[in-house]
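Asker: I'd like to ask you about the structure that follows.
2 protein chains.
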Amino acid sequence: METAQPTVIENNRSDNGTAPRAVDWENPRVSAILSAAAKCFARKGFSATTLAEIGKELGLRKSIVHYYFASKAALIHEVQSFTYHKYLGRVKEALASDTSADRIGSALHSLWDAIQNNKTGTGLNIEVWSAARRDPELKRRASALHSDAHKLVHEHIVQGLGITNGDTQRGEALSTLILAVLNGLSVTEYLEGDEAKSKHAYEMFVSLLNQNRNAS
Amino acid sequence: METAQPTVIENNRSDNGTAPRAVDWENPRVSAILSAAAKCFARKGFSATTLAEIGKELGLRKSIVHYYFASKAALIHEVQSFTYHKYLGRVKEALASDTSADRIGSALHSLWDAIQNNKTGTGLNIEVWSAARRDPELKRRASALHSDAHKLVHEHIVQGLGITNGDTQRGEALSTLILAVLNGLSVTEYLEGDEAKSKHAYEMFVSLLNQNRNAS
C-alpha cells in the first residue's frame with residue numbers, strides 16, 4: 000500500500016544488502032531535521048533529547064518534526080543510517096578523486112580523516128551502541144551499516160594490500176581489525192580529547208601495515 | 000571530617016595517580032551489590048535500571064542498597080572503578096604467574112582473555128562512554144582508569160617489545176593503539192556477536208606486532 004505522504008517511503012529495503020532507507024533524504028527539510036537531530040543526540044544522548052528541541056534548532060514546531068518522523072525511535076533509526084551514509088559517501092568521493100601512488104594508504108587516510116571531521120558521528124555511534132541493546136531494530140541497522148563499512152574497507156584497502164580473494168579469512172580479519180582500530184581510536188579521542196595522541200597511534204598502525212606489505 | 004558509617008570511606012584518592020576508591024570493596028555486601036549492579040547496568044543500561052532491581056538480584060531491600068550508596072549516580076561511579084580494577088587485577092595475576100618464553104605475547108593474550116571472559120565489562124564500558132558526556136565525574140574516573148590500563152600495557156607489552164624509554168612517543172603510540180584495538184574489537188563482538196571474527200582480527204594484530212619485532 001502506498002503512503003499518502005510523498006516524502007515518506009516506508010520499508011524501502013534495497014535488495015543488494017545495503018542498509019535500508021525509509022525516508023527521502025533528498026528532501027531538504029528531512030535532511031535538515033536529520034542533521035539537527037544528529038547534533039542534539041550526540042550532545043545530550045537519545046533519552047535526554049526531545050523532538051521539540053530538535054525542531055527548535057531549526058526554528059520548526061515540534062508538529063513539523065512529527066509530520067516527518069512518527070516517533071523519536073523512528074528518528075533515531077534514521078539518523079544513524081543518514082550519518083553513516085554521509086560518512087561513507089565522503090570516503091567514497093575521496094577515493095574516486097584520488098590519484099596518488101599509494102592508493103591504499105590514501106584510502107585508509109580518507110577513512111581516518113572522515114572520522115576526525117565527524118565528532119558528531121563518534122558521539123552518535125557510542126549512543127547507538129548503548130541503545131542497540133534495548134532496540135533490536137536499531138541493532139539490525141547498526142549491523143547492516145557496519146557491514147557496509149566492512150565491504151568498503153575490504154574493497155579499497157585489503158584487496159590493495161595484495162591479499163587475494165582466495166585468502167578470504169586473512170582479508171576478513173584485516174578488514175575487521177582496520178574498522179576496530181578506527182572505532183577504538185575514535186573512542187580514545189572522545190574520552191581523552193587528545194587528537195595528537197590518537198593520531199600518533201593511527202600512524203603507528205599504518206606503519207605496521209606497511210611493514211607487513213614490504214615483508215610479504 | 001570522618002563519616003559515621005565504617006564501610007564508607009569518602010574521597011580516598013590515592014596519591015600515586017591510580018583511580019580513586021570511595022567504598023570499601025573488601026566488605027562482602029558492598030562487592031555483591033557492585034557485581035549485581037554491573038550485571039544490571041550492562042543488561043539494561045543506566046537509566047532503565049533502578050536501585051530496587053539491583054537489590055532484588057540479591058534478595059536485598061532497596062533501603063539496604065541505599066545504605067551503602069547514597070544515589071544511583073554514586074553507584075554508577077563505583078561500579079565502573081570496581082569492574083575495571085577486577086579486570087586489571089585478573090590481568091596482573093596472569094602476568095605474575097606467567098613463565099612462558101614469549102612474555103609479551105602472553106601479556107597481550109591475558110588482556111584479550113580478560114575481555115573475552117567479561118562481556119559485562121564491555122556492555123558497561125559502552126554505557127560509561129555514553130553517560131560520561133553528561134557526567135563530568137564519571138568522565139574523570141573513566142579517564143583515570145583508562146590511564147591505569149595504558150600504564151599496564153606500557154609496562155608489560157611495549158617495553159618488552161624493545162621500545163626503550165628514550166623513544167617515549169613510539170611507546171605511547173603503541174600503548175594507545177593496543178588499547179584501541181582491544182576496545183574496538185570488544186565493540187565488534189558486542190555488535191555482531193561473532194567471537195571467531197574478532198578472534199581472527201586479534202590474531203592478525205598480534206602477527207603484525209610480531210613482524211614488527213622481527214624486523215627491528
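Chains as they are written, first to last, in numbering that gives the first Met the number 0: chain V, 0 to 215; chain A, 0 to 215.
Virtual Cβ for every residue (Gly too), placed ideally from N, Cα, C.
Looking only at its own chain, which residues have a Cβ that is under 6 Å from the Cβ of Val-232 of chain V, when we skip the five neighbours before and after it?
Answerer: The displayed coordinates of chain V run from 0 to 215. Any statement about residue 232 of chain V would go beyond what the structure contains.
Asker: Bridge partners for Val-64 of chain A per DSSP, in chain order?
Answerer: Counted from its first residue, the second sequence places residue 64 of chain A at position 65. Bridge partners of Val-64 of chain A: none, in fact.
Asker: Who are the neighbours of Ala-143 of chain V on chain A, taking C-beta pairs under 8 Å?
Answerer: Within the first sequence, numbered from 1, the residue matching residue 143 of chain V stands at position 144. By Cβ distance, chain A contributes nothing, its closest Cβ being about 11 Å from Ala-143 of chain V, past 8 Å.
Asker: With distance defined between alpha-carbon atoms, name the residue in A:Gly-58, A:Lys-71, A:Asn-124, A:Ile-63 nearest to Leu-181 of chain A.
Answerer: Within the second sequence, the letter at position 182 stands for residue 181 of chain A. Leu-181 of chain A has its Cα closest to that of A:Asn-124, out of A:Gly-58, A:Lys-71, A:Asn-124, A:Ile-63.
Asker: Compute the Euclidean distance between the alpha carbons of Ser-34 of chain A and Arg-42 of chain A, then round it to the nearest angstrom.
Answerer: To locate residue 34 of chain A, count along the second sequence from 1; it is residue 35. To locate residue 42 of chain A, count along the second sequence from 1; it is residue 43. In a straight line, the C-alpha of Ser-34 of chain A is about 13 Å away from that of Arg-42 of chain A.
Asker: Of the residues V:Ala-95, V:Asp-97, V:Ala-93, V:Leu-50, which one's Cα is nearest the Cα of Ile-75 of chain V?
Answerer: Taking the first residue of the first sequence as 1, we reach residue 75 of chain V at position 76. It is V:Leu-50 whose Cα lies nearest to the Cα of Ile-75 of chain V.
Asker: Since Leu-107 of chain V and Ile-156 of chain V should fall inside the 8 Å C-beta cutoff, what is the C-beta to C-beta distance between them, to a whole number of angstroms?
Answerer: Stepping through the first sequence from its first residue, residue 107 of chain V is reached at position 108. Stepping through the first sequence from its first residue, residue 156 of chain V is reached at position 157. Going by Cβ atoms, the distance from Leu-107 of chain V to Ile-156 of chain V rounds to 6 Å, so yes, they are a contact pair.
Asker: Show which residues of chain A have a CB atom less than 9 Å away from the CB atom of Gln-168 of chain V.
Answerer: Counting from one through the first sequence, the residue named residue 168 of chain V turns up at place 169. Within 9 Å Cβ-Cβ: His-199.
Asker: Answer with buried or exposed for Gly-44 of chain A, where buried requires no fewer than 16 other C-beta atoms within 10 angstroms of its C-beta.
Answerer: The count along the second sequence starts at 1 and reaches residue 44 of chain A at position 45. Counting Cβ neighbours within 10 Å, Gly-44 of chain A comes out buried, since at least 16 surround it.
Asker: In terms of residue numbering, what span does the alpha helix (DSSP H) encompassing Ser-99 of chain V cover?
Answerer: As a first step, residue 99 of chain V must be located in the first sequence, where it is residue number 100. Bounds of any alpha helix (DSSP H) do not take in Ser-99 of chain V, whose DSSP letter is neither H nor E.
Asker: Any beta carbon of chain A sitting closer than 8 Å to that of Glu-202 of chain V?
Answerer: For the purposes of this step, residue 202 of chain V is identified with residue 203 of the first sequence, where counting begins at 1. Residue-level contact by beta carbon holds for Glu-202 of chain V and chain A, with a gap shorter than 8 Å.
Asker: Compare the C-beta of Ser-70 of chain V with all C-beta atoms of chain A and state if any pair is closer than 8 Å.
Answerer: The residue labelled residue 70 of chain V in the question sits at position 71 within the first sequence. No, Ser-70 of chain V lies away from the interface with chain A (no Cβ there is under 8 Å from its Cβ).
Asker: What's the call for Gly-170 of chain V, buried or exposed, on a 16-neighbour Cβ count within 10 Å?
Answerer: In the first sequence, the residue the question calls residue 170 of chain V occupies position 171. Buried, because 16 or more other Cβ atoms sit within 10 Å of the Cβ of Gly-170 of chain V.
Asker: Does the stretch 84-103 of chain V come into contact with the stretch 59-68 of chain V, if we say contact requires no fewer than three beta-carbon pairs (one atom in each stretch) closer than 8 Å?
Answerer: The stretch 84-103 of chain V makes no contact with the stretch 59-68 of chain V; the number of CB pairs closer than 8 Å stays below 3.
Asker: For Gly-44 of chain A, which three-state DSSP category applies?
Answerer: On the second sequence, residue 44 of chain A is found 45 positions in, with the first residue counted as 1. DSSP places Gly-44 of chain A outside both helix and strand once states are collapsed to three, so it counts as coil.
Asker: Would you mind working out which of A:Asn-209, A:Ala-47, A:Arg-60, A:Phe-81 sits nearest Asn-26 of chain A, comparing C-alpha positions?
Answerer: In the second sequence, residue 26 of chain A corresponds to position 27, counting from 1. The option with the nearest alpha carbon to Asn-26 of chain A is A:Phe-81.
Asker: Quick check on DSSP: helix, strand or coil for Gly-120 of chain V?
Answerer: The residue labelled residue 120 of chain V in the question sits at position 121 within the first sequence. Note: Gly-120 of chain V maps to helix in three-state DSSP.
Asker: Would you tell me roughly how many angstroms separate the C-alpha atoms of Ile-114 of chain A and Gly-122 of chain V, rounded to the nearest one?
Answerer: To locate residue 114 of chain A, count along the second sequence from 1; it is residue 115. To locate residue 122 of chain V, count along the first sequence from 1; it is residue 123. Roughly 23 Å between the two C-alpha positions.
Asker: Give the single residue among A:Asp-112, A:Gly-120, A:Leu-87, A:Ser-129 whose Cα lies nearest to the Cα of Gly-120 of chain V.
Answerer: Mapped onto the first sequence, residue 120 of chain V falls at position 121. It is A:Ser-129.
Asker: Leaving out five residues on either side along the sequence, give the residues of the same chain with a beta carbon under 6 Å from the beta carbon of Leu-173 of chain A.
Answerer: Here residue 173 of chain A is taken as the residue at index 174 of the second sequence, counted from 1. Closer than 6 Å at Cβ, skipping near neighbours: Val-157.
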